[in-house]
Each structure stands twice: as structure tokens, then as C-alpha cells.
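Report on one structure; see the data block that follows.
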Amino acid sequence: MDPLDLCFTPATRLAALLRSRAVSPVDVVDAVLSRIDALEPELNAMTCVLHDQAREAARTAEAAIMRGEDRGPLHGIPVTVKDLFDVAGLPTGSGSLTRAGYVASESTSLVERLVAAGAIIIGKTTTSEFGWKGVSQSPRTGITSNPWRAGWNAGASSAGAGAGAGAGYGPLHQGSDGAGSIRMPAHFSGVYGLKPSFGRIPNVPVRNNDQTSHSGPMTRTVADSALMLEVMAGPDPRDHYSLEMPPARYLDTLHHGVKGLRIAFSADLGHARVDPEIAALVANAVEAFSELGAHVEDFTPAWGPAGPDLIRYFWAAHELPLAALLPEWEARMDPGLVACIHAAEESSASDYVRMRGAKLDYIAAVHRTFADYDLLLTPSVSVAAFPAERLQPEHWPQHPWDWLSWAEFSYPFNFSHNPAASIPCGFTSDGLPVGLQIVGSRMNDALVLQASAAFETARPWADRRPLA
Numbered sequence: 003m004d005p006l007d008l009c010f011t012p013a014t015r016l017a018a019l020l021r022s023r024a025v026s027p028v029d030v031v032d033a034v035l036s037r038i039d040a041l042e043p044e045l046n047a048m049t050c051v052l053h054d055q056a057r058e059a060a061r062t063a064e065a066a067i068m069r070g071e072d073r074g075p076l077h078g079i080p081v082t083v084k085d086l087f088d089v090a091g092l093p094t095g096s097g098s099l100t101r102a103g104y105v106a107s108e109s110t111s112l113v114e115r116l117v118a119a120g121a122i123i124i125g126k127t128t129t130s131e132f133g134w135k136g137v138s139q140s141p142r143t144g145i146t147s148n149p150w151r152a153g154w155n156a157g158a159s160s161a162g163a164g165a166g167a168g169a170g171y172g173p174l175h176q177g178s179d180g181a182g183s184i185r186m187p188a189h190f191s192g193v194y195g196l197k198p199s200f201g202r203i204p205n206v207p208v209r210n211n212d213q214t215s216h217s218g219p220m221t222r223t224v225a226d227s228a229l230m231l232e233v234m235a236g237p238d239p240r241d242h243y244s245l246e247m248p249p250a251r252y253l254d255t256l257h258h259g260v261k262g263l264r265i266a267f268s269a270d271l272g273h274a275r276v277d278p279e280i281a282a283l284v285a286n287a288v289e290a291f292s293e294l295g296a297h298v299e300d301f302t303p304a305w306g307p308a309g310p311d312l313i314r315y316f317w318a319a320h321e322l323p324l325a326a327l328l329p330e331w332e333a334r335m336d337p338g339l340v341a342c343i344h345a346a347e348e349s350s351a352s353d354y355v356r357m358r359g360a361k362l363d364y365i366a367a368v369h370r371t372f373a374d375y376d377l378l379l380t381p382s383v384s385v386a387a388f389p390a391e392r393l394q395p396e397h398w399p400q401h402p403w404d405w406l407s408w409a410e411f412s413y414p415f416n417f418s419h420n421p422a423a424s425i426p427c428g429f430t431s432d433g434l435p436v437g438l439q440i441v442g443s444r445m446n447d448a449l450v451l452q453a454s455a456a457f458e459t460a461r462p463w464a465d466r467r468p469l470a
């Protein structure tokens with residue numbers, strides 16, 4: 003099999019090829035490492051590449067296959083891990099110069115599960131400083147390029163994972179999402195990204211951000227995300243927010259379709275500014291659901307306009323622990339992050355409690371939407387990719403730290419813990435990818451995957467390759 007084709011082959015197909023010995027884990031890992039070497043550091047999606055360790059793991063996986071051993075559903079398949087998450091023996095840089103010298107002593111829970119399922123960790127992917135913003139740049143690693151346009155935004159703190167998925171750095175990439183950081187890079191880089199229900203994948207250690215950060219898969223196909231979710235999901239006693247139920251067999255239900263579903267479509271959540279070309283591509287994509295037999299209605303949520311004040315308050319408030327770094331590091335930190343921290347310094351405990359009450363009311367209103375609808379469709383992001391040295395596109399309102407004004411569609415479902423995915427739905431006239439967001443009711447991750455698979459079949463995209 004052609005090495006470049008191996009880099010873009012879905013994990014679900016690779017698993018079958020590996021089990022049948024049609025290809026070897028060594029072939030797959032060599033192909034992916036060669037692809038990375040050909041595009042790095044220009045793409046700059048990787049903080050480290052484990053050439054020797056990955057090749058050794060591939061030889062071990064190959065020997066096990068030859069002995070007839072099956073080490074799990076990801077046996078011999080390469081995967082990357084976002085550099086906010088610990089992998090034993092590797093640095094966790096978190097996009098920050100303040101993390102120099104830190105090496106993890108143990109792997110986080112989801113990494114343990116990937117390895118236990120047979121996956122081969124090939125490296126770690128870039129992130130914005132401490133995951134704070136929606137632009138693919140950090141003081142530690144510089145700009146991560148969009149795979150469709152060098153130097154342009156690959157989107158949010160899982161940018162390296164999204165860019166790597168788009169560019170063919172293997173099939174499986176782990177991301178995380180506190181206000182859109184899986185879905186936004188999926189939109190910008192033209193791949194599929196799923197933010198599962200909160201607690202579906204454990205966070206170990208538990209993160210101090212009011213339960214908004216979700217881990218999830220970033221892949222080139224919906225089935226690969228279903229497969230990866232099955233592996234990473236399930237309760238963990240070290241995370242007291244993790245959901246008790248074991249992972250579902252998501253792959254087995256992908257074919258169920260959307261016929262008869264009640265689907266709401268909101269073009270702007272009642273308040274969001276959206277570039278006209280993005281709006282047109284998303285509206286066209288929504289038509290596919292009607293063609294597939296769903297009942298689609300235009301929807302303007304009354305809760306939508308309350309979102310901007312809430313996210314701007316809490317996004318700044320939850321950066322406050324980083325204020326302890328400022329006396330020593332302020333001049334070497336992302337200036338937007340510094341401005342965001344300073345924006346929260348005057349808030350009081352009573353302010354926080356009052357705003358949290360408003361947030362809980364907002365969340366309750368979001369959930370009431372899903373009493374009337376099975377799914378909600380929106381744009382994933384208001385804009386296409388733009389130069390990554392900017393915090394906002396040039397034609398957008400400017401602000402010292404507020405990038406959220408062009409990303410109003412994602413954070414509501416971090417607040418509410420609903421599963422939400424971004425799926426490619428077209429390209430701008432300038433050749434840049436655009437994503438459609440599919441949101442389901444809390445804990446109904448399977449339905450989001452099913453709707454995604456139905457759309458993927460109706461409007462396929464995965465044959466499009468950047469940087470060929």
C-alpha cells in the first residue's frame with residue numbers, strides 16, 4: 003500500500019488490514035513518521051515526535067500479531083496526544099515557557115486507555131498557552147499552521163491535533179475542549195471533532211475550571227471518532243465527575259440515520275455575528291438533513307443572547323490561578339492571556355456566585371431545548387481561518403484578549419455538558435474548510451455520532467487532502 007495512502011487510511015480500516023496481516027504496524031508507523039518529518043517544522047503541529055519509541059512499539063505490535071495475539075481495538079495504530087495531557091516520561095509543555103523542565107511521571111487516564119487498547123503514541127501536539135485561546139500560536143511553540151494555508155489559524159488549543167489530522171499524521175488524535183477547542187480546529191482544518199458529554203471521558207487530574215473541559219477524538223472520519231471514544235470512555239474513580247456507565251458500542255449504531263428526528267437549526271443563536279459565506283455553506287449543509295428524512299425547523303433560542311456576558315466573565319475568572327505566574331513570567335507569556343487574567347482581578351466572590359447562578363439558569367434553558375428537539379444544528383465557528391498572528395480576523399471587532407466574539411457557538415455546550423461535534427460541510431471560495439456543529443441532548447453521544455455519520459455519507463469530504 004502506498005505510504006501516503008496509509009497516512010490517510012482510517013483507523014477502522016487499518017485495524018482490519020493489520021489483523022489480516024495485509025499491512026504491518028511497522029509499515030504504518032514508518033509512513034506516518036515520514037509524513038511528519040516531511041511537513042515538520044513548517045506545519046509545526048508537533049511538540050515532540052517519538053521516532054525511536056514508536057518504531058520499537060510498532061515492532062512489538064507486529065510480533066504480537068504474528069503470534070496471533072490481539073491487544074485491543076487499536077492494536078498497532080498510531081495516535082497523538084495533546085500537550086496539555088501527561089504521557090509518562092515526556093514533557094508536558096502546555097504551550098508555556100513557564101513549564102520548562104517539567105516531565106510527567108505518569109500518564110493521564112485516557113492515555114493509559116489508548117495504550118491498553120494497543121495504540122502507539124507517536125508524539126504530542128501543540129496547544130495555545132495553557133489552552134487559553136482559539137488561535138494556533140503560543141510563546142513556547144510559535145505558530146501552528148493551518149494545513150490548508152501556511153501561517154493561518156488552525157484553531158484553538160487542540161490546533162496541533164486538528165492540523166495533524168488534516169495533514170495525514172495518522173488517523174487518531176486526542177483533543178480537549180473548554181469552549182470549543184476540539185470543534186474549532188476541526189472547523190478550521192477540515193476534520194471531524196467530537197466533544198462528548200462531560201464525564202464521558204475522565205479528566206485525571208480533575209481540572210479547576212468549573213467542569214467545562216471535555217476530552218475527545220479528532221479524526222478524518224466519524225467512525226474513527228466512534229472507535230476512539232469507545233476506547234477512552236468509561237468511569238474512573240479518580241474523576242468524581244466521570245459518568246458511571248461503561249462506554250457504548252458507538253460503531254454498531256452509526257448506520258441508524260436521522261429519519262424522523264426533530265432537528266432545530268439556529269443560524270446565529272439569536273445574537274452571533276457570522277460571515278456571510280460561512281452562513282451560506284452551513285445553511286446548504288442543513289438541507290441534507292431534510293433530504294435524509296429529518297424534520298428541520300429554524301430556531302432562535304431565547305437563552306442565546308445571555309451567553310456572551312457569561313463566557314467572558316467565566317473565561318477570565320478561570321484564568322485567575324495563573325496570576326501567580328505574572329511576577330516572574332508576565333513578559334514571556336502570551337499578552338492576550340495576561341490581559342485576560344488582569345480583566346478578572348477586580349471580581350469578588352459575591353460577583354462569582356451571582357454569575358454562577360445566572361450560568362445555571364442559562365444551562366437549564368439550554369437543556370429545555372432538547373425536550374422539544376433531538377438535535378440542534380449551528381455553524382461551528384463564525385469565520386474561516388485567518389492569519390495566526392492575529393487574535394481576531396482583520397475585519398472583526400478588535401480586543402486585547404476577547405477572541406470569543408467569533409466563536410459564540412461552541413461554549414454554550416461546554417457550560418451545559420451536551421455532546422457536540424463539528425463536521426466538515428464545505429469550503430470557502432478561498433479554499434478554506436468550514437464546519438457544521440451538531441449538538442445532542444446530554445449523554446446522547448450516540449445520536450450525535452449517528453447524525454454525523456448520516457451527513458458524512460450524504461456529503462462526503464474525507465477524500466480531500468491538503469498539503470499533498
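To convert, take the position in the sequence shown, counting from 1, and add 2; that gives the working numbering. The beta-carbon is built from N, C-alpha and C at its ideal position, and this holds for glycine as well.
*Hey, is the region 228 to 241 in contact with the region 459 to 466, meaning 3+ C-beta pairs nearer than 8 Å?*
Flag = no, the region 228 to 241 and the region 459 to 466 do not touch.
_Simplified DSSP assignment, three categories, for SER292_ = The sequence position of residue 292 within the sequence shown is 290, counting from 1. Of the three classes helix, strand and coil, the one that applies to SER292 here is helix, per DSSP.
*Count the C-beta pairs between the region 249 to 262 and the region 213 to 222 that are closer than 8 Å, then say yes if the count reaches three, no if not.*
No: fewer than three Cβ pairs fall under 8 Å.
*Those residues which DSSP pairs with HIS175 across a bridge*: Against the sequence shown, residue 175 aligns to sequence position 173. Paired residue(s): THR82 and MET220.
*Three-state secondary structure assigned by DSSP to SER454*: Here residue 454 refers to the residue found at position 452 of the sequence shown. Three-state DSSP puts SER454 in a helix.
_Looking at the strands, I want to know which residues DSSP matches up with SER140._
For the purposes of this step, residue 140 is taken as residue 138 along the sequence shown, with counting starting at 1. Answer is GLY144.
*Is the number of C-beta pairs between the region 201 to 209 and the region 389 to 408 that are closer than 8 Å three or more?*
Touching, no.
_If you measure between the beta carbons of GLY95 and ARG37, is that distance less than 7 Å?_
For the purposes of this step, residue 95 is identified with residue 93 of the sequence shown, where counting begins at 1. For the purposes of this step, residue 37 is identified with residue 35 of the sequence shown, where counting begins at 1. No, these two residues do not count as a Cβ contact at 7 Å.
_C-alpha gap between GLU279 and THR430, whole angstroms_ = Position 277 of the sequence shown, counting from 1, holds the residue named residue 279. Position 428 of the sequence shown, counting from 1, holds the residue named residue 430. The alpha-carbon atoms of GLU279 and THR430 are separated by roughly 7 Å.
*Tell me, to the nearest whole angstrom, how far the beta carbon of ILE124 is from that of LEU35; I am working on the premise that it is less than 8 Å.*
In the sequence shown, the residue the question calls residue 124 occupies position 122. In the sequence shown, the residue the question calls residue 35 occupies position 33. Between LEU35 and ILE124 the Cβ distance is about 7 Å, and since that is below 8 Å, they are a contact.
*Span separating the alpha-carbon of ALA470 from that of ALA266*: Here residue 470 refers to the residue found at position 468 when the sequence shown is read from its first residue. Here residue 266 refers to the residue found at position 264 when the sequence shown is read from its first residue. The pLDDT assigned to ALA470 is 49, lower than 50, so where the model puts this residue is not dependable, and the model offers no usable value.
*Can you check DSSP and say which residues form a bridge with SER475?*
In the structure as shown, the chain begins at 3 and stops at 470. Residue 475 is therefore absent and cannot be evaluated.
_Rounded to whole angstroms, what is the Cα-Cα separation between PRO75 and VAL233?_
Indexing the sequence shown from 1 puts residue 75 at position 73. Indexing the sequence shown from 1 puts residue 233 at position 231. C-alpha separation (whole angstroms): 8 Å.
_Taking 8 Å as the cut-off, does the region 162 to 180 touch the region 77 to 95 (at least 3 CB pairs, one atom from each stretch)?_
Using a Cβ-Cβ distance cut-off of 8 Å, the region 77 to 95 and the region 162 to 180 are in contact, since at least three pairs of beta carbons, one from each stretch, lie closer than that value.
*Cβ contact check for the region 293 to 302 and the region 321 to 340: 3 or more pairs under 8 Å*: The region 293 to 302 makes no contact with the region 321 to 340: fewer than 3 CB pairs, one atom from each, lie closer than 8 Å.
*Taking the Cβ atom as the reference point for each residue, do SER349 and SER382 lie within a distance shorter than 7 Å?*
By one-based count along the sequence shown, residue 349 stands at place 347. By one-based count along the sequence shown, residue 382 stands at place 380. Going by C-beta atoms, SER349 is not nearer than 7 Å to SER382.
*Starting from the C-beta of LEU339, find all residues in its chain whose C-beta is less than 6 Å away, skip the five residues before and the five after it, and write them out in chain order.*
Sequence index remark: in the sequence shown, residue 339 carries index 337 (1-based). Correct list, in chain order: GLU131 and TRP134.
*Is it the case that the Cβ atoms of GLY359 and PRO307 are separated by a distance below 7 Å?*
If you number the sequence shown from 1, residue 359 lands on position 357. If you number the sequence shown from 1, residue 307 lands on position 305. No Cβ-Cβ contact shorter than 7 Å links GLY359 with PRO307.
*From the DSSP output, in three-state form, read off GLU131 for me.*
Position 129 of the sequence shown, counted from the first residue, corresponds to residue 131. In the displayed model, GLU131 falls within a helix according to three-state DSSP.
*Give every residue of the same chain whose Cβ lies closer than 6 Å to the Cβ of LEU19, excluding the five residues on either side of it in the sequence, and list them in chain order.*
One-based indexing of the sequence shown puts residue 19 at position 17. Closer than 6 Å at the Cβ level, and outside the excluded window around LEU19, lie VAL25.
*Rounded C-alpha distance that separates ALA225 from ASP54*: Taking the first residue of the sequence shown as position 1, residue 225 is located at position 223. Taking the first residue of the sequence shown as position 1, residue 54 is located at position 52. Taking the straight line from one Cα to the other gives about 29 Å.
*Quick one: Cα of ASN446 to Cα of ALA290, how far?*
On the sequence shown, position 444 is the one that residue 446 refers to. On the sequence shown, position 288 is the one that residue 290 refers to. Rounded to the nearest whole angstrom, the CA to CA distance from ASN446 to ALA290 is 21 Å.
*In whole angstroms, what is the alpha-carbon distance linking VAL391 and THR371?*
Taking the first residue of the sequence shown as 1, we reach residue 391 at position 389. Taking the first residue of the sequence shown as 1, we reach residue 371 at position 369. It should be noted that the sequence gives Glu, not Val, for residue 391. When rounded, the distance between both Cα atoms is 38 Å.
*Could you name the residues of the same chain whose beta carbon sits closer than 8 Å to that of ARG467, not counting the 5 residues immediately before and after it, in chain order?*
As a first step, residue 467 is located in the sequence shown; it is residue number 465 there, counting from the start. Take ARG467, set aside five residues on each side of it, and the residues of its chain with a beta-carbon closer than 8 Å to its own are PHE10 and GLY170, in chain order.
*Quick one, which of ILE67, ALA366, ALA318 and LYS361 has its alpha-carbon nearest HIS344's?*
If you number the sequence shown from 1, residue 344 lands on position 342. Comparing Cα positions, the closest option is ALA318.
*Take every Cβ of the region 176 to 187, pair it with every Cβ of the region 149 to 160, and state whether three or more of those distances are shorter than 8 Å.*
Touching, yes.
_If you reduce the DSSP assignment to three classes, tell me which class VAL260 lands in._
Here residue 260 corresponds to residue number 258 of the sequence shown, with the count starting at 1. In the structure shown, VAL260 sits in coil (DSSP, three-state: anything other than H, G, I, E or B).
*Every unbroken beta strand (DSSP E) inside the region 274 to 361 [3 residues or more]*: You should have 297 to 300.
*If ALA235 and PRO198 are in contact, beta carbons under 8 Å, what's the gap, nearest whole angstrom?*
Here residue 235 corresponds to residue number 233 of the sequence shown, with the count starting at 1. Here residue 198 corresponds to residue number 196 of the sequence shown, with the count starting at 1. Confirmed, Cβ separation roughly 7 Å.
*In the structure shown, what three-state DSSP assignment does TRP154 receive?*
Residue 154 sits at position 152 when you count from the first residue of the sequence shown. The answer is strand: DSSP assigns TRP154 an E or B state.
*Could you check which residue in ALA13, ASP4, LEU86 and ARG202 has the C-alpha nearest to that of SER474?*
Missing from the structure shown is residue 474; the chain here goes from 3 to 470 and no further.
*asked:* By alpha-carbon positions, which one of THR110, PHE301, GLY428 and ALA281 ends up nearest to ASN205?
replied: Counted from its first residue, the sequence shown places residue 205 at position 203. Here the closest residue by C-alpha is THR110.
*Which residues does DSSP pair with LEU379 in a beta bridge?*
As a position in the sequence shown, residue 379 is number 377, starting the count at 1. Answer by DSSP bridge pairing, in chain order: PHE267 and ILE440.
*Alpha-carbon to alpha-carbon, PRO149 and TYR104*: Here residue 104 corresponds to residue number 102 of the sequence shown, with the count starting at 1. Here residue 149 corresponds to residue number 147 of the sequence shown, with the count starting at 1. Using only the alpha carbons, I get a separation of about 29 Å.
*Taking all protein chains shown into account, decide if MET247 is buried (16 or more other Cβ within 10 angstroms of its Cβ) or exposed.*
For the purposes of this step, residue 247 is taken as residue 245 along the sequence shown, with counting starting at 1. Burial is judged here by how many other beta carbons sit within 10 angstroms of a residue's own beta carbon; MET247 has fewer than 16 and is exposed.
*Would you report the Cα separation of SER454 and ILE440, rounded to the nearest angstrom?*
To locate residue 454, count along the sequence shown from 1; it is residue 452. To locate residue 440, count along the sequence shown from 1; it is residue 438. Going by the C-alpha atoms only, they are around 7 Å apart.
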